[in-house]
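Trainee: Dumping the structure here so I can ask a few things about it.
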Amino acid sequence: MSPQARRQFALLLIFVTPAFWSVNYLVARGAPGVIEPHLLALLRWFAAGLLFVVPTWRELLQHRAHIAADWRRYLVLGALGMWICGAWVYIGGRTTAAVNIALIYALSPVLIALVSALWLKERFNRLQMVGVVLSLAGVVHVILKGQWSSLGQVAFVPGDAWIFGATLSWTLYSVLMRRWSSPLSAMARLAVICAGGVAVLVPFAAWEIIQATTHPPLTAAGLGLALLAAGIPGFAAYLSYSVMQRELGAARVAVVIYLGPLYAAGMAWLVLNEPLQAFHAAGMALVLAGIYLVNRM
Numbered sequence: 001m002s003p004q005a006r007r008q009f010a011l012l013l014i015f016v017t018p019a020f021w022s023v024n025y026l027v028a029r030g031a032p033g034v035i036e037p038h039l040l041a042l043l044r045w046f047a048a049g050l051l052f053v054v055p056t057w058r059e060l061l062q063h064r065a066h067i068a069a070d071w072r073r074y075l076v077l078g079a080l081g082m083w084i085c086g087a088w089v090y091i092g093g094r095t096t097a098a099v100n101i102a103l104i105y106a107l108s109p110v111l112i113a114l115v116s117a118l119w120l121k122e123r124f125n126r127l128q129m130v131g132v133v134l135s136l137a138g139v140v141h142v143i144l145k146g147q148w149s150s151l152g153q154v155a156f157v158p159g160d161a162w163i164f165g166a167t168l169s170w171t172l173y174s175v176l177m178r179r180w181s182s183p184l185s186a187m188a189r190l191a192v193i194c195a196g197g198v199a200v201l202v203p204f205a206a207w208e209i210i211q212a213t214t215h216p217p218l219t220a221a222g223l224g225l226a227l228l229a230a231g232i233p234g235f236a237a238y239l240s241y242s243v244m245q246r247e248l249g250a251a252r253v254a255v256v257i258y259l260g261p262l263y264a265a266g267m268a269w270l271v272l273n274e275p276l277q278a279f280h281a282a283g284m285a286l287v288l289a290g291i292y293l294v295n296r297m
């Protein structure tokens, strides 16, 4: 595939990846009382890791010396991307409102853009920063249902600290994925990162199993949620995000997060028959305008 074709494919993934991630909203809503957060994250990334390993095992064997030399980096990426960004969101979601989660996570693309410009020296001009701000305004407009006066009524609770920690972790994960180059393909690299994440998650999941008293540690429903999370917001979303980062850079790709709430609204309309309203259209217009500005050459 030519460089131009790879770039066009990466630009297409900008509009596909948030649809994969939005499935995680359904998982998060169904998890409390069914499966513990660390156990859910462990099963999710163990299953996703297998999906990454099957087509890449020859490549992994070929680069085993590199993997052995850089195992600390892969462990850090696994901790950031699979442990903190996975389990901590489920923990925070127990005590905080969905609007709080969305508002806090809306900071992530801004942080990624700033850190990428300062640390990675990625070119990010004023017009692109305007695009980030437009996208941020669009997603907040949707979250607040067009009622900006209600922003002052948002009450923050202890669970928000878990969400903010996950937001910072995603920022570091995104930047380090770009900072730490790797000879591995996107799929093989994610296979090793999943192994690092599983290694970190095992003791936490084991503790949850030991402490479980209100319901069985693992049921068919819990396993189903874990497999769903592994396949779509795990395997598909992380692979496409990794491909986009390699072609477009961390800052440009970060704005795909802003499409998440809009895709979630679309899923609610299709699956739950929840009506789409004017604020959805206004928010979509702002987000799309922002994405266009950020990804202009």
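Residue numbers (UniProt numbering): 1 to 297.
Glycine residues also receive a C-beta, built at the ideal position from the N, C-alpha and C atoms.
Helix, strand or coil for residue 141, going by three-state DSSP, please let me know.
Mentor: In the sequence shown, the residue the question calls residue 141 occupies position 141. Looking at residue 141 - three-state DSSP - the assignment turns out to be helix.
Trainee: On a Cα-Cα basis, can you pick out the residue from 263, 176 and 128 that is closest to residue 301?
Mentor: Residue 301 falls outside the range modelled here, since the chain spans only 1 to 297, and no answer is possible.
Trainee: Any beta-carbon of chain C closer than 8 Å to the one on residue 104?
Mentor: Protein chain content of the structure displayed is limited to a single chain, and chain C is not contained in it.
Trainee: Do you know offhand how far residue 278's Cα is from residue 51's?
Mentor: As a first step, residue 278 is located in the sequence shown; it is residue number 278 there, counting from the start. As a first step, residue 51 is located in the sequence shown; it is residue number 51 there, counting from the start. Their backbone Cα atoms lie some 40 Å apart in a straight line.
Trainee: Look at the alpha carbon of residue 238 and the alpha carbon of residue 190, and state the distance between them as a whole number of angstroms.
Mentor: Here residue 238 refers to the residue found at position 238 of the sequence shown. Here residue 190 refers to the residue found at position 190 of the sequence shown. Looking at the two C-alpha atoms, the distance is approximately 8 Å.
Trainee: Locate the alpha helix (DSSP H) running through residue 160, then write down its first and last residues.
Mentor: Against the sequence shown, residue 160 aligns to sequence position 160. Counting along the chain, the alpha helix (DSSP H) containing residue 160 begins and ends at 159-179.
Trainee: Out of 257, 211 and 64, point me to the one whose CA is closest to residue 192's CA.
Mentor: By 1-based counting over the sequence shown, the position of residue 192 is 192. Measuring from the Cα of residue 192, the nearest candidate turns out to be 64.
Trainee: Is residue 95 helix, strand or coil when you go by DSSP?
Mentor: Your numbering for residue 95 matches position 95 in the sequence shown. Three-state result, residue 95: coil.
Trainee: Would the region 165-184 and the region 244-262 be scored as touching if the rule is three or more Cβ pairs under 8 Å?
Mentor: yes
Trainee: Let me know the secondary structure DSSP gives residue 113 once reduced to three states.
Mentor: As a working mapping, residue 113 is identified with position 113 in the sequence shown. Reduced to three states, the DSSP call for residue 113 is helix.
Trainee: Hey, quick one: how far does the alpha helix (DSSP H) through residue 187 stretch, first residue to last?
Mentor: Against the sequence shown, residue 187 aligns to sequence position 187. Looking at the DSSP string, the run of the alpha helix (DSSP H) that includes residue 187 is 186-211.
Trainee: How many angstroms separate the CA atom of residue 240 from the CA atom of residue 153?
Mentor: As a first step, residue 240 is located in the sequence shown; it is residue number 240 there, counting from the start. As a first step, residue 153 is located in the sequence shown; it is residue number 153 there, counting from the start. In a straight line, the C-alpha of residue 240 is about 37 Å away from that of residue 153.
Trainee: Report yes if the CB atom of residue 113 is closer than 8 Å to the CB atom of residue 132, and no otherwise.
Mentor: The residue given as residue 113 occupies position 113 in the sequence shown. The residue given as residue 132 occupies position 132 in the sequence shown. Yes.
Trainee: Between the beta-carbon of residue 130 and the beta-carbon of residue 283, is there less than 8 Å?
Mentor: On the sequence shown, position 130 is the one that residue 130 refers to. On the sequence shown, position 283 is the one that residue 283 refers to. In this structure, residue 283 does not lie closer than 8 Å to residue 130 by Cβ.
Trainee: By Cβ distance, which residues of its chain are closer than 6 Å to residue 86, with the 5 residues on each side in sequence left out?
Mentor: The residue you call residue 86 lines up with position 86 of the sequence shown. Cβ within range, chain order: 41.
Trainee: State the Cα-Cα distance for the pair residue 13 and residue 285, rounded to the nearest angstrom.
Mentor: As a working note, residue 13 is residue 13 in the sequence shown. As a working note, residue 285 is residue 285 in the sequence shown. If I take the Cα positions, the gap works out to 19 Å.
Trainee: Determine the contact status of residue 228 and residue 23, defining contact as a CB-CB distance below 8 Å.
Mentor: Sequence index remark: in the sequence shown, residue 228 carries index 228 (1-based). Sequence index remark: in the sequence shown, residue 23 carries index 23 (1-based). The answer is yes: Cβ separation under 8 Å.
Trainee: To the nearest angstrom, how far is it from the Cα of residue 219 to the Cα of residue 270?
Mentor: As a working note, residue 219 is residue 219 in the sequence shown. As a working note, residue 270 is residue 270 in the sequence shown. So the two alpha carbons sit approximately 28 Å from each other.
Trainee: Assign residue 183 to buried or exposed, taking buried as 16 or more other Cβ atoms, counted over all protein chains shown, within 10 Å of its Cβ.
Mentor: Within the sequence shown, numbered from 1, the residue matching residue 183 stands at position 183. That one is exposed.
Trainee: Is the distance from the Cβ of residue 200 to the Cβ of residue 83 below 8 Å?
Mentor: For the purposes of this step, residue 200 is taken as residue 200 along the sequence shown, with counting starting at 1. For the purposes of this step, residue 83 is taken as residue 83 along the sequence shown, with counting starting at 1. In this structure, residue 83 lies closer than 8 Å to residue 200 by Cβ.
Trainee: On a Cα-Cα basis, can you pick out the residue from 25, 255, 280 and 10 that is closest to residue 146?
Mentor: Here residue 146 is taken as the residue at index 146 of the sequence shown, counted from 1. The residue with the shortest Cα to Cα distance from residue 146 is 280.
Trainee: Taking the alpha carbon of residue 204 as the reference point, which residue from 246, 276, 79 and 167 has its own alpha carbon closest?
Mentor: As a first step, residue 204 is located in the sequence shown; it is residue number 204 there, counting from the start. Of the listed residues, the one whose Cα sits closest to residue 204 is 79.
Trainee: Near residue 256, which residues of its chain fall below 6 Å by C-beta distance, leaving aside the five closest residues on each side in sequence?
Mentor: Translated into positions along the sequence shown, residue 256 becomes position 256. Around residue 256: 14, 17 and 18.
Trainee: Can you give me the C-alpha to C-alpha distance between residue 206 and residue 212, rounded to a whole angstrom?
Mentor: By one-based count along the sequence shown, residue 206 stands at place 206. By one-based count along the sequence shown, residue 212 stands at place 212. C-alpha separation (whole angstroms): 10 Å.
Trainee: Could you check if residue 245 is buried or exposed, using at least 16 other CB atoms within 10 Å of its CB as the buried criterion?
Mentor: Counting from 1 along the sequence shown, the entry for residue 245 is found at position 245. Per the 10 Å Cβ criterion, buried.
Trainee: Residue 217: which of 36, 235 and 266 sits nearest, CA to CA?
Mentor: Residue numbering aside, residue 217 sits at position 217 when the sequence shown is read from its first letter. When only C-alpha atoms are compared, the closest one is 36.
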